[in-house]
Amino acid sequence: MPDELNETAGKIAAIVKSYLVQTQHDRFEPEGRVFLEKQISAFLHAAEPVRFVLPGFPCKSPNIVDKSFGILPDYGDVISINRLESLAKAIQALYEPGCQVTILSDGTTFNDIVEVPDETRKEYNQQLRALIQSPYIEWTELGDFFPEARSDDDTRKALIKSAGLPYKGMADFIKRVGNHDELAATHDKICSYLYNDVRLNRQPQQSNEDYLNSVAEKAYQMMYRGQALSALVERAFPDAIRLSVHQYDNDGPKFTFGFADGLATVRQPWHSVPVLSASGNVSLLGHASVDKDRHVLVTYQGRPWVYVEAADASAGKFDYEVLKQPLFGLKIDDPQELGVEALSPAFLAFLSAQFGFVCIKGVQFERSEQLETFCQPFGEVFQWQFGAVHVVKPEEKPSGFVHSLEKTPIHWDLSMIRLDHEQVGGNPWFTAERFMLYCKTPPKKGEGSTTVVDGRIVMDMVGPAVVKKWEDVRITYNTPMTYFGGKPRNYPLVYAHPKTGKKAFRYQEGSDSELQKFTVEVEGISGPESQAFISELDRLVYDERCMIAHNWDQGDLLIIDNWLTLHGRLPMTEASRSRELWRVQVF
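In my numbering, each residue carries its 1-based index in the sequence shown increased by 125.
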């Protein structure tokens with residue numbers, strides 16, 4: 126048993142290492158690994174969750190020119206906390222008791238020094254907690270340790286008083302810093318940070334000498350409080366593995382956590398902005414480092430959210446808004462009326478793959494052939510017996526739910542296509558890579574919305590342990606012949622994305638409609654058990670966290686990634702009988 130635990134500790138240490146920022150003089154091997162494995166082993170021998178603590182996420186940098194977007198959370202915060210959650214999930218998959226990460230939001234310690242009001246700091250943290258909810262992440266803050274404090278200033282005083290630092294006061298501390306080379310170097314770095322990064326405000330009539338002296342004084346305050354904070358962490362979390370937002374050589378007890386993939390140096394989301402590159406990777410950069418001519422700004426709920434790399438010269442003339450966090454659904458407005466043709470197919474295809482779908486507002490196609498022409502650069506257009514463009518409109522005597530006023534169940538396009546179709550060529554995995562929906566005539570408001578489900582979010586919701594089980598699940602679907610279908614088709618619930626190789630979620634909702642039955646059976650389990658499993662899947666795909674119900678306006682053009690998402694339609698009344706969409710599929 127001890128050998129097995131030691132082996133598991135080594136595997137967990139390797140997982141942790143993959144999340145660290147390692148510099149040229151890193152000492153994780155072997156010193157840090159030995160230190161870390163000893164900490165991990167203590168949790169394993171006690172059969173307890175592996176516990177980490179990370180002091181961080183204090184407040185956004187007030188320097189919105191060089192560093193941050195503003196005072197509120199953005200996609201950089203999301204990916205950073207998702208990295209912490211990803212670490213916990215990886216450990217959970219290896220070690221059943223799992224992992225718990227405590228984020229000690231330490232903004233109260235320093236926010237007054239960097240001239241961020243307490244209310245601004247509180248708003249950032251409140252929105253961050255509301256935005257990110259995870260069973261693996263526990264939030265705490267300085268005030269939780271000093272409940273008797275009546276104000277934020279009282280909390281800061283209580284922190285210093287409780288620390289038991291070996292100084293008679295600030296003057297004694299400053300004297301010791303002056304006599305200690307390493308502390309003096311740290312003071313110089315903090316002065317540079319306050320002067321160059323934070324850019325503390327200069328008071329009216331303040332001389333340059335007085336200003337620099339005030340910066341130096343605040344740097345001493347930051348160091349003093351920082352030592353008090355470290356003492357608190359050691360008392361409150363004596364056994365937890367210490368993750369740090371600052372650069373260390375990783376020999377223990379502090380390990381430098383990387384908030385994004387592939388970071389060569391430390392980057393914190395509160396001192397940077399998130400940038401989505403054309404390769405699909407997300408990095409953290411200082412705001413001033415982003416080439417605004419080669420990136421477009423995407424907002425969320427009216428605030429900056431992420432920069433996206435764009436080679437199109439005209440891309441910056443459009444407005445972009447993500448519809449659901451973290452990156453699900455992208456609305457594109459055309460304020461200068463340049464036309465959708467001003468955006469390249471390659472850029473739009475990239476956006477649909479990153480966001481699941483994009484909605485371009487105000488597109489004017491007078492004839493369905495214009496939509497087909499628009500779609501041709503995206504790939505080979507699928508041809509039905511009626512042509513490339515499927516006019517989706519309620520019929521008086523529909524042969525299935527697609528042309529009715531009823532709901533259309535959640536599904537993916539071309540899932541039930543006949544294998545003898547000349548473009549399918551007998552390939553059982555054939556499907557459209559993406560499809561386009563254009564609104565010629567919208568339904569009554571609140572009716573006939575197209576529902577889009579992000580399969581990536583579904584898998585995040587259930588966690589890696591459940592997804593791993595889903596990989597062994599196969600489901601058989603069957604529906605009578607309409608303009609598709611006629612024979613049962615069997616698919617895995619989770620499969621490898623044809624281009625990225627990442628896990629993708631595949632599911633179709635059943636239907637008892639008199640117009641068109643659609644049966645769903647889980648392979649290898651009994652009827653009641655199968656039905657319970659299917660009911661749980663139905664509940665998941667209609668969860669508001671992973672679904673967007675798009676309300677149509679005339680001229681809306683949706684480009685939907687058919688590999689990453691599922692879609693359907695909500696029911697309509699007679700008032701929406703004129704609803705008319707045009708659809709083209711490409712592969």
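Just so it is clear, CB atoms sit at the ideal spot from N, CA and C, and this is done for glycine as well.
None of the values given here were measured: they were computed from a predicted structure.
Three or more beta-carbon pairs drawn from the stretch 166-184 and the stretch 214-233 are found closer than 8 Å, and the two stretches are therefore classed as touching. Straight through space, the alpha carbons of residue 309 and residue 337 are spaced by roughly 16 Å. Looking only at 270, 158, 260 and 711, the smallest Cα-Cα distance to residue 512 is reached by 711. Only residues of its own chain outside the window of five on either side were considered, and among them 384 and 394 have a CB closer than 6 Å to the CB of residue 205, listed in chain order. Note on geometry: alpha-carbon atoms of residue 683 and residue 255 lie some 29 Å from one another.
Listed in chain order, the alpha helix (DSSP H) runs fully inside the stretch 304-374 are 306-317 and 333-361, counting runs of at least 4 residues.
Here DSSP, grouped into helix, strand and coil, assigns residue 675 to strand. Annotation: residue 319 to residue 325 spans about 6 Å, alpha carbon to alpha carbon. Here the alpha carbon of residue 553 sits roughly 12 Å from the alpha carbon of residue 613. Counting of Cβ neighbours within 10 angstroms places residue 636 among the buried residues, the total reaching 16 or more.
Under DSSP, residue 653 shares a beta bridge with no residue. Sequence-distant partners of residue 197 (beyond 5 residues in either direction) whose C-beta falls short of 8 Å from its own C-beta, in its chain, are 185, 248, 249, 252 and 428. Its chain contains 146 and 148 as the residues whose beta carbon lies nearer than 8 Å to that of residue 389, once the 5 sequence neighbours on both sides are disregarded; these appear in chain order. Under the criterion of beta carbons closer than 8 Å, residue 372 and residue 391 qualify as touching, at roughly 5 Å. Membership of residue 133 in the alpha helix (DSSP H) is indicated by the continuous run 127-142. For residue 369, the closest C-alpha among the options 380, 296 and 556 is that of 380. Secondary structure note for residue 422: its beta strand (DSSP E) is the uninterrupted segment 420-425. Between residue 199 and residue 431 a beta carbon distance of about 7 Å is seen, short of the 8 Å cut, so the two are scored as contacting.
Taking the CA atoms as reference points, residue 631 sits about 15 Å from residue 685.
Under the three-state reduction of DSSP, residue 684 is assigned to strand.
Classified as buried, residue 536 has 16 or more neighbouring CB atoms from the shown chains inside 10 Å of its CB.
In this structure, residue 558 keeps its C-beta atom at 8 Å or more from the C-beta atom of residue 707. Taking the Cβ atoms as the reference, residue 144 lies roughly 6 Å from residue 382, within the contact range of under 8 Å.
Taking the C-beta atoms as reference points, residue 480 is found no nearer than 8 Å to residue 440. The beta carbon of residue 596 lies closer than 6 Å to those of 619 in the same chain, with the five residues before and after it left out.
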